[in-house]
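Student:
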Amino acid sequence: DSGVTQTPKHLITATGQRVTLRCSPRSGDLSVYWYQQSLDQGLQFLIHYYNGEERAKGNILERFSAQQFPDLHSELNLSSLELGDSALYFCASSVGGSLYEQYFGPGTRLTVT
Amino acid sequence: AQSVAQPEDQVNVAEGNPLTVKCTYSVSGNPYLFWYVQYPNRGLQFLLKYITGDNLVKGSYGFEAEFNKSQTSFHLKKPSALVSDSALYFCAVRPYGGSQGNLIFGKGTKLSVKP
Chain R
1 DSGVTQTPKH LITATGQRVT LRCSPRSGDL SVYWYQQSLD QGLQFLIHYY NGEERAKGNI
61 LERFSAQQFP DLHSELNLSS LELGDSALYF CASSVGGSLY EQYFGPGTRL TVT
Chain C
114 AQSVAQPEDQ VNVAEGNPLT VKCTYSVSGN PYLFWYVQYP NRGLQFLLKY ITGDNLVKGS
174 YGFEAEFNKS QTSFHLKKPS ALVSDSALYF CAVRPYGGSQ GNLIFGKGTK LSVKP
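In order, the protein sequence lines correspond to chains R and C.
So for the first sequence, the numbering used here puts the first residue at 1; every next one is plus one.
So for the second sequence, the numbering used here puts the first residue at 114; every next one is plus one.
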């Protein structure tokens, strides 16, 4: 158990809908990262927050947004969902920046029908 | 473009034999290199990293990796494979000076260890 929790584990929704994925980092970790894993794209970095502030953006679509709250948990919002958004979404946390090892949550499997 | 390549989609090894999972990278400047492992239906787990110093890095579960700057490689190795090592292995790089958090992952290599 990495200490990172993600909810929900599974999510099935229809095209055009909006969903929110939630992540609680390990106790003491200030950084939260979001990744998307799919068969065709592999593991793609989406966004990084450190202590409430956005630090880096990767291949994140404009339809997606995220935030990190004062208690350090984070939410990833996905809107106007398309079939191609179906994937496994991982949250990871670390003590500091990306030179520190990242601890991954179990992921949220999103299926868009 | 900065990238990481794992040239083998799958590596098959007999239990007890040495294993190597290959990784090469292309980045500007000095890289920071990582290996992660993913077991079925689980998130990734950190194995080891190279930041600076000794080119041979030792990590979890008996794994090690060697940083080779001239060949731009960071191959993962283990002297004696276990069936329980069967999993998906990812190499990742953070380019020196790159924005924090921006790890670039390879496509992954599936390691299969047969008894």
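For every residue, glycine included, the Cβ atom is placed at its ideal position computed from N, Cα and C.
According to DSSP, what are the bridge partners of S93 (chain R)?
Tutor: R:V32 and R:Y103
Student: Would you say G166 (chain C) faces chain R, with C-beta separation under 8 Å as the test?
Tutor: no
Student: By alpha-carbon positions, which one of C:S141, C:P131, C:T133 and C:N130 ends up nearest to V117 (chain C)?
Tutor: C:S141
Student: If I measure Cβ to Cβ from A14 (chain R) and keep anything under 8 Å in the same chain, skipping five residues before and after, which residues do I get?
Tutor: L81, V112 and T113
Student: What do you get for T165 (chain C), buried or exposed, if any count of 16 or more other CB atoms within 10 angstroms of its CB means buried?
Tutor: exposed
Student: Establish whether the CB of L61 (chain R) and some CB of chain C are separated by less than 8 Å.
Tutor: For L61 (chain R), the answer is no, since every Cβ of chain C falls outside 8 Å of its Cβ.
Student: Taking C-alpha atoms, which residue in R:L30, R:S2 and R:R26 lies nearest to P70 (chain R)?
Tutor: R:L30
Student: Which two residues bound the contiguous beta strand (DSSP E) that contains C23 (chain R)?
Tutor: Taken as a continuous stretch (DSSP letters only), the beta strand (DSSP E) holding C23 (chain R) covers V19 to S24.
Student: Can you find the residues in the same chain that come closer than 6 Å, C-beta to C-beta, to A127 (chain C), ignoring five residues on each side of it along the sequence?
Tutor: K227
Student: Among residues of its own chain, excluding the 5 on either side of L157 (chain C), which ones have a beta-carbon nearer than 8 Å to its beta-carbon?
Tutor: Y149, V150, Q151 and F203
Student: For P106 (chain R), which residues in chain C fall below 7 Å Cβ to Cβ?
Tutor: R155 and G156
Student: Determine the closest residue to L72 (chain R) out of R:F45, R:Y100, R:N51 and R:S79, with distance taken between C-alpha atoms.
Tutor: R:N51
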